[in-house]
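Okay, so here's the structure we're looking at.
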Amino acid sequence: MAKTVIVTGGSRGLGKALSDLFFRRGWNVATFSRTSDELEIRDGQALFLSKRADIRLERDMINLTRLIGDRFYGPKLLILNAGTVTPSRPFAESDVGELRRLLETNVIGNSLLLSLFLRLPDTIGAVHITSDAASHNYPGWGFYGATKRAMDHIIANIAVETGGKVFLSVDPGDMDTEMHMTAEPGADRRTLKSPEKAAVEVYDKIMEALEYAGY
Numbered sequence: 021m022a023k024t025v026i027v028t029g030g031s032r033g034l035g036k037a038l039s040d041l042f043f044r045r046g047w048n049v050a051t052f053s054r055t056s057d058e059l060e061i062r063d064g065q066a067l068f069l070s071k072r073a074d075i076r077l078e079r080d081m082i083n084l085t086r087l088i089g090d091r092f093y094g095p096k097l098l099i100l101n102a103g104t105v106t107p108s109r110p111f112a113e114s115d116v117g118e119l120r121r122l123l124e125t126n127v128i129g130n131s132l133l134l135s136l137f138l139r140l141p142d143t144i145g146a147v148h149i150t151s152d153a154a155s156h157n158y159p160g161w162g163f164y165g166a167t168k169r170a171m172d173h174i175i176a177n178i179a180v181e182t183g184g185k186v187f188l189s190v191d192p193g194d195m196d197t198e199m200h201m202t203a204e205p206g207a208d209r210r211t212l213k214s215p216e217k218a219a220v221e222v223y224d225k226i227m228e229a230l231e232y233a234g235y
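Quick note, the sequence shown lines up with residues 21 to 235 if you use the working numbering.
Shown next as structure tokens:
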């Protein structure tokens, strides 16, 4: 029975690259975002399901996890890739409203989905796509880094609660994505990693962790 991966924020950037890569490697894939096209593709035994949903909305996440429970059987892995960022600026110039928006998606939305996911049968773990801003201090990145650090802590805590499953945070590095350019419009794109290259690196780390855990 094929394993299933749920990838949040799968319409572009790293999320899309991960969704496509897992599907090519024979996994069932369920992905969603606020801008995703609704589609269903079969390739042999593997199913690719894309839905439009907002991780910030509890009703959307309840409906999504119910659908996944109904459509997919066997081992299930969650990749928490969806996130938001605001333009980097000095803390004194920041708006607390930006922090609320970051928390709503990066912490509250991710935590809600993670909680619902863990109630499904046959879950084997979850991976949080983190950032080096969670563990290093960069001017202008305080709010964003704090939200990523919060999810890192939640993931690490769940790992202690559910020994034997795979819970880890993976930093894909700086990528040439719309999200990165929102935070740093002046960034030199030549120095940034492509989402496709980052996806392969993230995939390899996940496979190593799953193999170590016996999956």
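We treat Cβ as the ideally placed atom computed from N, Cα and C, and that holds for glycine.
Computed from a prediction, not measured in an experiment: that's the story for all the values here.
Query raised in the report: Counting only runs that start and end within the region 74 to 107, where is the beta strand (DSSP E) found for 3 or more residues in a row?
Result: Counting whole runs of 3 or more residues, the region 74 to 107 contains the beta strand (DSSP E) stretches 96 to 100.
Requested in this report: For the alpha helix (DSSP H) containing residue 222, list its first residue and its last residue.
Outcome: First-last of the alpha helix (DSSP H) with residue 222: 215 to 232.
Query raised in the report: Considering only residues of the same chain and omitting the five flanking positions on each side of residue 58, which have a CB-CB separation below 7 Å?
Result: Result list for residue 58: 70, 71 and 72, in chain order.
Query raised in the report: How far does the alpha helix (DSSP H) with residue 283 in it reach, from first residue to last?
Result: Lying before the first or after the last residue shown, residue 283 is absent from the chain, which here runs from 21 to 235.
Requested in this report: Pull up the DSSP beta-bridge partners for residue 48, would you.
Outcome: Residue 48 is bridged to 24.
Query - Residues sharing a beta bridge with residue 54, DSSP - result: Its beta-bridge partners do not exist; DSSP assigns none.
Report task. Look up residue 182 in the DSSP assignment and say whether it is helix, strand or coil. Result -> Of the three classes helix, strand and coil, the one that applies to residue 182 here is coil, per DSSP.
Query raised in the report: Could you give the C-beta distance for residue 89 and residue 24, rounded to a whole number, given that I count them as a contact under 8 Å?
Result: With 8 Å as the limit, residue 89 and residue 24 do not qualify as a contact, their Cβ atoms being about 11 Å apart.
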